[in-house]
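Numbering (mature numbering (1 follows the signal peptide of the UniProt record, and there is no 0)), first residue to last: -18 to -1, 1 to 117.
Glycine residues also receive a C-beta, built at the ideal position from the N, C-alpha and C atoms.
Here the structure comes first, spelled out in structure tokens, and everything after it is commentary.
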């Protein structure tokens, strides 16, 4: 009888751990309803980055980046969340509009990293926002 109870407890605990671990890996996206205009476009880019990293979709992921970006492939980690730590800064340059977003990236292991996202939008070609770099 004791062995049966112990076996049931073990099965219950393993099942609970499996269910809990699945939930912790779900992506957390930035709420888009708090933003408008260029800031909304930038937040959408960040959310798409999270999505494509979760899906391991490298072809769509690379479309998020500016052609001259130093980033040439997917990160080796799954991004769980990005939390903006301050307002997005947008500056007009001669040929482009550049934006900086400081954030805290949370990976699937729970570790956090401070990041700076740099975005660019060309004035000449009226391009959409692209990620230029992530430091």
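- DSSP places residue 41 in the helix class (H, G or I) of the three-state scheme.
- Our two residues, residue 31 and residue 55, have alpha carbons roughly 12 Å apart in a direct line.
- Taking all protein chains shown into account, residue 81 has 16 or more neighbouring C-beta atoms within 10 Å of its C-beta and is therefore buried.
- DSSP, reduced to helix, strand and coil, places residue 31 within a helical segment of the structure shown.
- Residue 33 and residue 40 have their C-alpha atoms spaced approximately 11 Å apart.
- Nearest to residue 100 by C-alpha distance, out of 70, 44, 43, 8, is 70.
- By the 16-neighbour rule on beta-carbons within 10 angstroms, residue 18 is exposed.
- In terms of Cβ geometry, residue 22 and residue 57 do not form a close pair [threshold 8 Å].
- With respect to the C-alpha of residue 78, the residue from 102, 12, 38, 37 having the closest C-alpha is 102.
- The alpha-carbon separation between residue 113 and residue 91 amounts to approximately 24 Å.
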